[in-house]
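Peer 1: Following my numbering, the numbering of the sequence shown begins with 62 at its first residue and continues without gaps.
Idealized CB from N, CA, C, for every residue including glycine.
Got a structure for you, questions after.
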Amino acid sequence: MNSIEVDSLVKKFGDFTAVNGISFAVEDGEIFGLLGPNGAGKSTLIRMLVTLLPPTSGSAIVNGYDIVKQANGVRRSIGVIPQAMTTDLELSVEENLIIFAKLYGVPRQKREQLMAELLDAVELTKWREAPVKNLSGGMRRRVEIARGLVHEPRIFFLDEPTTGLDPVSRVAVWEMLQKIKSRRDLTILITTHYMDEADKLCDRIAIVDHGELKALDSPMKLKTSIPGKNVIEVSFGDTPAGWMQQLQALPDAESVTAEDHVFRISSQNGPATMLALMDMAARKTVTVQS
Numbered sequence: 062m063n064s065i066e067v068d069s070l071v072k073k074f075g076d077f078t079a080v081n082g083i084s085f086a087v088e089d090g091e092i093f094g095l096l097g098p099n100g101a102g103k104s105t106l107i108r109m110l111v112t113l114l115p116p117t118s119g120s121a122i123v124n125g126y127d128i129v130k131q132a133n134g135v136r137r138s139i140g141v142i143p144q145a146m147t148t149d150l151e152l153s154v155e156e157n158l159i160i161f162a163k164l165y166g167v168p169r170q171k172r173e174q175l176m177a178e179l180l181d182a183v184e185l186t187k188w189r190e191a192p193v194k195n196l197s198g199g200m201r202r203r204v205e206i207a208r209g210l211v212h213e214p215r216i217f218f219l220d221e222p223t224t225g226l227d228p229v230s231r232v233a234v235w236e237m238l239q240k241i242k243s244r245r246d247l248t249i250l251i252t253t254h255y256m257d258e259a260d261k262l263c264d265r266i267a268i269v270d271h272g273e274l275k276a277l278d279s280p281m282k283l284k285t286s287i288p289g290k291n292v293i294e295v296s297f298g299d300t301p302a303g304w305m306q307q308l309q310a311l312p313d314a315e316s317v318t319a320e321d322h323v324f325r326i327s328s329q330n331g332p333a334t335m336l337a338l339m340d341m342a343a344r345k346t347v348t349v350q351s
């Protein structure tokens with residue numbers, strides 16, 4: 062059975078098409094990833110699925126509810142973690158969770174039980190009374206994960222949950238999500254531009270670029286579908302000094318050329334080079350444009 066069904070979804074802003082006829086289905090209980098560079102349309106797609114943006118055309122069903130005709134049903138049955146941190150910095154960890162539980166009408170006794178379970182899962186029990194402003198970025202993200210689950214949603218949407226976090230905090234968030242997933246009946250849809258994140262977390266990955274679905278399969282099948290020796294074409298935003306040399310040092314890269322801001326990397330192992338490229342760009346905060 063499918064938790065999410067997306068059929069030819071389109072979103073236009075004036076003459077610009079942000080999402081162009083995307084279709085896919087997410088199975089109950091899976092971790093499904095939307096992978097693509099910044100500006101690919103991932104966040105716009107999620108905003109439609111969680112009813113924050115109306116689609117221009119097409120349709121989607123989330124938890125059995127139509128995202129346009131039954132938006133309230135969708136909202137009651139999902140949890141959402143947006144890109145930007147939204148916890149109240151002046152309140153404690155516990156107070157942030159209490160507010161959301163009350164907004165969703167979770168009874169007091171049930172609320173206390175859920176909060177204890179979630180704080181244990183994200184390893185913040187001893188910090189429950191600490192003001193959020195005193196926590197690190199990684200810990201704040203874990204507060205948001207707990208807060209987004211305090212009403213026991215059936216589907217959990219996370220939009221770029223580790224953007225801006227250091228490598229250690231990123232891995233910690235991955236581990237928290239896997240732990241939570243193992244403890245409850247939950248479907249997770251996550252957007253990311255980190256290939257290693259999608260590879261580690263997701264049962265299946267949909268690759269999105271320029272608002273279109275380019276590929277969809279398991280991480281292993283996607284990696285093996287890339288020919289062993291190939292040419293990777295990529296363009297970036299602003300790049301640091303010595304960027305060409307850093308690209309040449311990527312695993313299995315044979316040569317790198319550049320023309321009109323487009324880099325062409327010849328590789329003996331396409332999957333390994335592409336994975337290392339995306340990881341390096343993320344670490345160096347270099348935007349992959351296409």
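Figure out for me which residue from 63, 85 and 77 has the closest Cα to the Cα of residue 268.
Peer 2: Comparing Cα-Cα distances from residue 268 to each of 63, 85 and 77, the minimum goes to 85.
Peer 1: Is it true that the CB of residue 206 sits closer than 9 Å to the CB of residue 226?
Peer 2: Not a contact, by the Cβ cut-off of 9 Å.
Peer 1: How is residue 320 classed by DSSP in three states: helix, strand or coil?
Peer 2: Correct three-state label for residue 320: strand.
Peer 1: With 16 other CB atoms within 10 Å as the buried threshold, where does residue 150 fall?
Peer 2: Label assigned to residue 150: exposed.
Peer 1: Are the stretch 178-190 and the stretch 150-159 in contact at 8 Å, needing three or more beta carbon pairs?
Peer 2: Yes, the stretch 178-190 touches the stretch 150-159.
Peer 1: Evaluate the contact criterion for the stretch 108-121 versus the stretch 274-283: three or more CB pairs, one atom per stretch, below 8 Å.
Peer 2: Counting Cβ pairs under 8 Å, fewer than three are found: no touch.
Peer 1: Under 9 Å between the Cβ atoms of residue 248 and residue 65?
Peer 2: Yes; because the gap between Cβ atoms is below 9 Å, this pair is in contact.
Peer 1: Apply the 10 Å Cβ neighbour rule to residue 323 and answer buried if 16 or more other Cβ atoms are within range, or exposed otherwise.
Peer 2: Classification of residue 323: exposed, given that the 10 Å Cβ count is below 16.
Peer 1: Should residue 222 go down as buried or exposed, given a rule of 16 or more other Cβ atoms within 10 Å for buried?
Peer 2: Buried, because 16 or more other Cβ atoms sit within 10 Å of the Cβ of residue 222.
Peer 1: Look at residue 138 and residue 215 and say whether their C-beta atoms are less than 9 Å apart.
Peer 2: Closer than 9 Å, so yes.
Peer 1: Does the distance from the C-beta atom of residue 328 to that of residue 335 stay below 9 Å?
Peer 2: Cβ distance < 9 Å, so residue 328 and residue 335 count as in contact.
Peer 1: Any idea which residues DSSP pairs residue 340 with across the strands?
Peer 2: DSSP, once it has assigned bridges, lists no residue as partnering residue 340.
Peer 1: Any contact between the stretch 192-210 and the stretch 233-243? By contact I mean 3 or more CB pairs, one from each, below 8 Å.
Peer 2: Yes: at least three Cβ pairs fall under 8 Å.
Peer 1: To the nearest angstrom, how far is it from the Cα of residue 87 to the Cα of residue 78?
Peer 2: Cα to Cα, the separation comes out at about 23 Å.
Peer 1: Quick check on the DSSP output: the alpha helix (DSSP H) that includes residue 133 runs from which residue to which?
Peer 2: 132-137 is the extent of the alpha helix (DSSP H) around residue 133.
Peer 1: Return the chain-ordered list of same chain residues with a C-beta closer than 8 Å to the C-beta of residue 235, the five sequence neighbours on each side being excluded.
Peer 2: 223, 258, 261 and 262.
Peer 1: I need the DSSP call for residue 213, collapsed to helix, strand or coil.
Peer 2: Correct three-state label for residue 213: coil.
Peer 1: For residue 187, is the classification buried or exposed, using 16 other Cβ atoms within 10 angstroms of its Cβ as the cut-off for buried?
Peer 2: Residue 187 comes out exposed.
Peer 1: Report yes if the CB atom of residue 102 is closer than 9 Å to the CB atom of residue 72, and no otherwise.
Peer 2: Cβ atoms of residue 102 and residue 72: closer than 9 Å.
Peer 1: From residue 291 to residue 338, what does the alpha carbon distance come to, in whole angstroms?
Peer 2: Their Cα atoms are separated by approximately 14 Å.
Peer 1: According to DSSP, is residue 246 part of a helix, a strand, or is it coil?
Peer 2: Three-state DSSP puts residue 246 in coil, outside helix and strand.
Peer 1: Report back the beta-carbon spacing between residue 368 and residue 96 to the nearest angstrom; my notes put them in contact at under 8 Å.
Peer 2: Absent from the structure is residue 368, since the part of the chain shown begins at 62 and ends at 351.
Peer 1: DSSP three-state call for residue 160: helix, strand or coil?
Peer 2: Looking at residue 160 - three-state DSSP - the assignment turns out to be helix.
Peer 1: Distance, Cα to Cα, residue 233 vs residue 164?
Peer 2: The alpha-carbon atoms of residue 233 and residue 164 are separated by roughly 28 Å.
Peer 1: If you draw a straight line from the C-alpha of residue 62 to the C-alpha of residue 133, how long is it?
Peer 2: Going from the Cα of residue 62 to the Cα of residue 133 covers about 22 Å.
Peer 1: Across which residues does DSSP place residue 359 in a beta bridge pair?
Peer 2: Past the boundaries of the shown model lies residue 359; the chain is included only from 62 to 351, so the question cannot be answered.
Peer 1: Between residue 59 and residue 123, is the Cβ-Cβ spacing less than 9 Å?
Peer 2: For the chain, the structure presents residues 62 to 351; residue 59 sits outside this window and is missing.
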